[in-house]
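Chains as they are written, first to last, in my numbering: chain A, 1484 to 1577; chain B, 17 to 486. The beta carbon of each residue, even a glycine, is placed where N, CA and C say it ideally should be. Below is one structure, written out as structure tokens; the observations come after it.
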Amino acid sequence: MDFISILSIFVMACFVGYYVVWSVTPALHTPLMAVTNAISSVIVVGALIAAAAHGSPVGKWLGLGAVVLASVNIFGGFAVTARMLAMYKKKERK
Amino acid sequence: MEHAAPPAWAMLAYLVSGVLFILALRGLSSPATSRAGNRYGMIGMGIAVATTLVTHEIASLPEIIGAIAIGGGIGFVIARRIQMTAMPQLVAAFHSLVGMAAVLVGVAAYFNPAAFGILEPGGLDIAKQSRIEMGLGVAIGAITFSGSVIAFLKLAGKMSGAPILLPARHVINLGTLAAILVLVSLFHMDTPALFAGIVLASFAIGFLLIIPIGGADMPVVVSMLNSYSGWAAAAMGFTLHNTAMIITGALVGSSGAILSYIMCKAMNRSFVSVIAGGFGAAPEAAGGAPKEQRPWKRGSAEDAAFLLKEAENVIIIPGYGMAVAQAQHALREMGDVLKKEGVNVRYAIHPVAGRMPGHMNVLLAEANVPYDEVFELEDINAEFGQCDVAFIIGANDVVNPAAKTDKSSPIYGMPVFDVDKAKTVMFIKRSMGGVGYSGVDNDVFYMDQTMMLLADAKKMVEEIVKALAH
């Protein structure tokens, strides 16, 4: 992909992010932070590429380190978000 | 295959995972759809990881699986055990991990550019544009890391929440930032020293930026670091030409930026003044005038219970003090007893209550308070005129009328609850001595209709519950 297509995706995604985030209810702002934290660990893609590659032992170990850190975030982030969201209940109407 | 661009289906798969991440955030528009949203997020992450593993030749699968298992296990255990009151420091800690991961990936790409497909076409050098992108990604990642570590230490109480003010800190900070920009722009030349310089200067600036910021401004800082972690991921996405990373980075980046904006607005502070730091450093300076002794009324748990029972409408305003005293469960119990007596009980939450956006809502949800009894500032503020009891627990600045009337007050202009319109105000506070983070005295203490309930918040609420039973 050339730089302009990537930049286009990025700019569009910023706008999508802007509108989607404004529609998040303030009551869920803490879960929002936890889940954005989890998804920003998609950086694990880069970590996996580094860890999987031949050729550079230093690069491989740095990559493995990044995989560990990102995995803490992915599993921790999604699990803690799920835990929080499970607590939001409506009034029981009798 | 390893050095070639990923196949078309892989690019599509990354796009799908990006879209699933958008849906994950979209789900949070209401608690009812949020759980499905979270699942979309997990599926998106699964797709991204699987696609990466399938499309790359893997030299060391056992190590990778081991790394995921170790990290995942640690993350899962932490997520299970963490207390909801500790959520702000957990989120800060997680941000630091994203930042560090970005730095590690950037450095790894520097050592093994071939694997990342960022070599100059036909050459052995890293393409110039990729270098700049890499430099930026590593810089933002390093700032996120060291800034989040400081935010974590402050939030966890392992470091004083008071601002640490270095002399000439603005000069040092601006100088360091400028140095980082210069280094990144020079990084099109292949000089390892430049790369090391970027990393070190960025670690330093993250640290320097956060130490002067006081505890009350932490909600802004946590949101801001949230935003940075997104921009770091986006910059790495540019380096790797990866749509999932770019979309996610943009989403997270805007999310954190919007949250910082909401927090700043709720405190009527400009983003620049928060970042400049120093707020809450010198309480003596605030106001200036010596504190006069004004009459105030002290109430007992029995008095409070009597008035609450007689009331028709009660609005509870919780603040960070409630979280510190772990009074949320006792508070919900009190609410339940009152509801049985036919009292209309509602909760009013200020955007900056707690240590991160939405923190108070999570704590109330944990204590089983139904979310449709919890209201935001603008939705409930008009109701105080019909309110019999405004019950303030662990909050202070967010009910201070000085924000509306006193132009010299440091919190002037901040939107506050109009508790002075309520028939009775009950104010739970440890003692008359302490003031809010802003260090300003609060006229609500001295109003005719105010009853000060001086005690530990949890004990006081428990005593009220006991008194209500009689």
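Chain A residues whose Cβ lies nearer than 7 angstroms to that of B/F37: For B/F37, the residues of chain A that pass the 7 angstroms Cβ criterion are I1522, in the order they occur in the chain.
With a threshold of 7 angstroms on Cβ separation, who are the neighbours of B/A305 within its own chain once the five nearest residues in sequence on each side are excluded? Bear in mind that a pLDDT of 46 at B/A305, under 50, signals an unreliable position, so the number given afterwards is only what the model happens to contain. For B/A305, where only same-chain residues beyond five positions count, there are no Cβ hits under 7 angstroms.
Starting from A/I1526, find everything on chain B with Cβ-Cβ shorter than 7 angstroms and list it in chain order. Simply V114, A117, A118, V121, A249, M252, M261.
Going by the DSSP bridge assignment, what does B/M442 pair with across the sheet? For B/M442, which the question treats as bridged, DSSP gives the partners B/F407, B/M467.
Tell me the rounded alpha-carbon separation between B/I134 and B/E149. Cα to Cα, the separation comes out at about 11 angstroms.
Residues in its own chain within less than 7 angstroms of B/N384 by CB, not counting five upstream and five downstream? Cβ within range, chain order: R348.
To which residues of the same chain is B/H19 closer than 7 angstroms at the C-beta, ignoring the five residues directly before and after it? Here B/H19 scores only 46 on pLDDT, less than 50, and its place in the model should not be relied on; the value that follows carries that caveat. Excluding residues within five positions, the ones whose Cβ falls inside 7 angstroms are A130, G133.
Sort B/M27, B/V290, B/S46, B/S33 by Cα distance to B/G230 and report the nearest one. B/G230 has its Cα closest to that of B/V290, out of B/M27, B/V290, B/S46, B/S33.
In whole angstroms, what is the alpha-carbon distance linking B/V154 and B/V435? Between B/V154 and B/V435, the C-alpha separation is close to 48 angstroms.
Please list the segments of the beta strand (DSSP E) lying wholly inside the region 372-437 of chain B, counting only runs of 3 or more residues, in order along the chain. As far as the region 372-437 of chain B is concerned, its whole beta strand (DSSP E) runs of at least 3 residues are 390-392, 405-409.
Please classify B/N329: does DSSP put it in a helix, a strand, or coil? B/N329: strand per DSSP, three-state reduction.
Cβ shell of B/A195 (< 6 angstroms), same chain only, five flanking positions each side left out: The answer, listed in chain order, is A217.
Run down chain A in chain order and give the residues with a C-beta less than 7 angstroms from the C-beta of B/S270. Within chain A, the residues near B/S270 are C1497, G1500, Y1501, V1504.
Closer than 7 angstroms to chain A by CB, B/S50: By this cut-off, B/S50 is an interface position.
So A/V1503 and B/L41 are in contact, right, with Cβ under 8 angstroms, and what is the actual spacing, rounded? Going by Cβ atoms, the distance from A/V1503 to B/L41 rounds to 5 angstroms, so yes, they are a contact pair.
Considering A/N1556, what are the terminal residues of the alpha helix (DSSP H) in which it resides? Per DSSP, A/N1556 is one residue of the alpha helix (DSSP H) stretching across 1540-1568.
Verify the CB distance criterion: does A/I1532 have a CB-CB separation below 7 angstroms to chain B? A/I1532 has a beta carbon lying within less than 7 angstroms of a beta carbon in chain B.
For B/G163, tell me which candidate among B/P334, B/E479, B/N242 has the shortest Cα-Cα distance. Cα-wise, what sits closest to B/G163 is B/N242.
Pairs of beta-carbons, one from the region 252-261 of chain B and one from the region 161-175 of chain B, closer than 8 angstroms: are there three or more? With the rule of 3 Cβ pairs closer than 8 angstroms, the region 252-261 of chain B does not count as touching the region 161-175 of chain B.
For the region 113-162 of chain B, which segments carrying the alpha helix (DSSP H) assignment without a break, of at least 4 residues, lie completely within its bounds, in sequence order? Listed in chain order, they are 129-132.
Answer yes or no: does any C-beta atom of chain B fall closer than 7 angstroms to that of A/S1539? Taking 7 angstroms as the threshold, the shortest C-beta distance from A/S1539 to chain B falls below it.
If you drop the 5 nearest sequence neighbours on each side, which residues of the same chain put their C-beta closer than 7 angstroms to that of B/L171? Cβ neighbours of B/L171 beyond the five flanking positions: P104, Q105, A108, M234, R371.
At which residues does the alpha helix (DSSP H) containing B/I365 begin and terminate? Per DSSP, B/I365 belongs to no alpha helix (DSSP H); it is in the beta strand (DSSP E), 360-365.
I want to see whether chain A comes within less than 7 angstroms of B/F168, judged by CB atoms only; does it? With 7 angstroms as the cut-off, B/F168 does not count as an interface residue toward chain A.
Between B/P208 and B/M279, which are expected to be in contact by the criterion C-beta below 8 angstroms, what is the C-beta distance as a whole number of angstroms? B/P208 to B/M279, Cβ: 40 angstroms. No contact.
Please confirm whether B/S50 and A/G1500 have their CB atoms less than 7 angstroms apart. Not a contact, by the Cβ cut-off of 7 angstroms.
Quick check: is the beta carbon of A/S1491 nearer than 7 angstroms to any beta carbon in chain B? Closer than 7 angstroms: no.
The alpha helix (DSSP H) enclosing B/N258, as first and last residue numbers: It is not in any alpha helix (DSSP H) - B/N258 carries neither H nor E in the DSSP assignment.
Between A/S1488 and chain B, is any beta-carbon pair separated by less than 7 angstroms? The beta-carbon of A/S1488 is placed no less than 7 angstroms from the nearest beta-carbon of chain B.
With 16 other Cβ atoms within 10 Å as the buried cut-off, status of B/A232: It is buried - the Cβ of B/A232 has at least 16 other Cβ atoms within 10 Å.
Taking 6 angstroms as the cut-off, is the C-beta of B/R97 nearer than that to any heavy atom in the ligand FMN? With respect to the ligand FMN, the structure offers nothing, as it holds no ligand at all.
Tell me the DSSP bridge mates of B/P208? B/P208 has no beta-bridge partner at all, per DSSP.
In whole angstroms, what separates the C-alpha of B/Y30 from that of A/S1506? Cα to Cα, B/Y30 sits roughly 25 angstroms from A/S1506.
Roughly how many whole angstroms lie between the Cα atoms of B/N54 and A/R1566? Going from the Cα of B/N54 to the Cα of A/R1566 covers about 11 angstroms.
Given that a residue counts as buried once 16 or more other Cβ atoms are within 10 Å of its Cβ, and exposed if not, what is B/L77? Counting the other Cβ atoms within 10 Å of the Cβ of B/L77 gives fewer than 16, which makes it exposed.
Can you find a CB in chain A that lies within less than 7 angstroms of the CB of B/D388? For B/D388, the answer is yes, since a Cβ of chain A falls inside 7 angstroms of its Cβ.
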